[in-house]
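**Q**
Residue numbers (my numbering): 393 to 560.
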């Protein structure tokens, strides 16, 4: 597969790491063009979520939780209805925020304190998102209905994306 190549991977399946790499490269190119010069956090979050959710076949739920008054409050997302508020340190999202680190969970049912907003979620990755001075302003939460859907490729791309597109 060549850089920038267009191809389809069936929704609800886990692409190979090579396929993920190409899909993520295409998303990065598209986002770079769409968000050039943009500073509004809602526009940035909405565009990131839409591009990722529509492009990645293993994504079941994709969205941001914003840090507001010491709790996570649902922001732009695509997928089924979400949990509206999450306490710091609670569930995968609250833990990623509290520890300021990416958390990748192969089986959410084995994660202590997992918050089941949708019973179909099977695996999850949560990426803290920062402002330009390094404060966590949001977390990107991605769920899959498939076990072990996320790999180092997902983690690496989402981490790089968060560094390139600060929020706040």
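Every residue gets a Cβ at the ideal spot worked out from N, C-alpha and C, and that includes glycine.
Since residue 479 is in the beta strand (DSSP E), which residue starts that stretch and which ends it?
**A** Looking up residue 479 in the chain shown gives position 87. From DSSP, the beta strand (DSSP E) with residue 479 extends over 477-479.
**Q** Within 10 angstroms of the Cβ of residue 559, are there 16 or more other Cβ atoms? Answer buried if so, exposed if not.
**A** By one-based count along the chain shown, residue 559 stands at place 167. By the neighbour-count rule (16 or more Cβ atoms within 10 Å), residue 559 is buried.
**Q** Specify whether the stretch 479-498 and the stretch 515-525 touch according to this definition: at least 3 beta carbon pairs, one from each stretch, less than 8 Å apart.
**A** yes
**Q** Helix, strand or coil for residue 522? Go by DSSP, reduced to three states.
**A** Stepping through the chain shown from its first residue, residue 522 is reached at position 130. Strand, per DSSP.
**Q** By how many angstroms is the C-alpha of residue 525 removed from the C-alpha of residue 449?
**A** By 1-based counting over the chain shown, the position of residue 449 is 57. By 1-based counting over the chain shown, the position of residue 525 is 133. Rounded to the nearest angstrom, the two C-alpha atoms are 33 Å apart.
**Q** Just grab the DSSP bridge partners of residue 489 for me.
**A** Here residue 489 refers to the residue found at position 97 when the chain shown is read from its first residue. None, per the DSSP bridge assignment.
**Q** Can you say whether residue 556 is buried or exposed, counting buried as having 16 or more other CB atoms within 10 angstroms of its CB?
**A** Numbered from its first residue, the chain shown carries residue 556 at position 164. Exposed is the call here.
**Q** According to the neighbour-count rule (16 or more other Cβ atoms, all chains shown, within 10 Å of its Cβ), is residue 406 buried or exposed?
**A** Translated into positions along the chain shown, residue 406 becomes position 14. The residue is buried, with at least 16 neighbouring Cβ atoms inside 10 Å.
**Q** Run through the DSSP bridge pairs and tell me what residue 466 is partnered with.
**A** Reading the chain shown from its first residue, position 74 is the one you call residue 466. Bridge partners of residue 466: 457.
**Q** Measure the alpha-carbon distance for residue 547 versus residue 493 and round it to whole angstroms.
**A** Translated into the one-based positions of the chain shown, residue 547 becomes position 155. Translated into the one-based positions of the chain shown, residue 493 becomes position 101. Answer to the nearest angstrom: the Cα atoms are 11 Å apart.
**Q** Could you please give the first and the last residue of the uninterrupted alpha helix (DSSP H) stretch that includes residue 420?
**A** Here residue 420 refers to the residue found at position 28 of the chain shown. Counting along the chain, the alpha helix (DSSP H) containing residue 420 begins and ends at 409-426.
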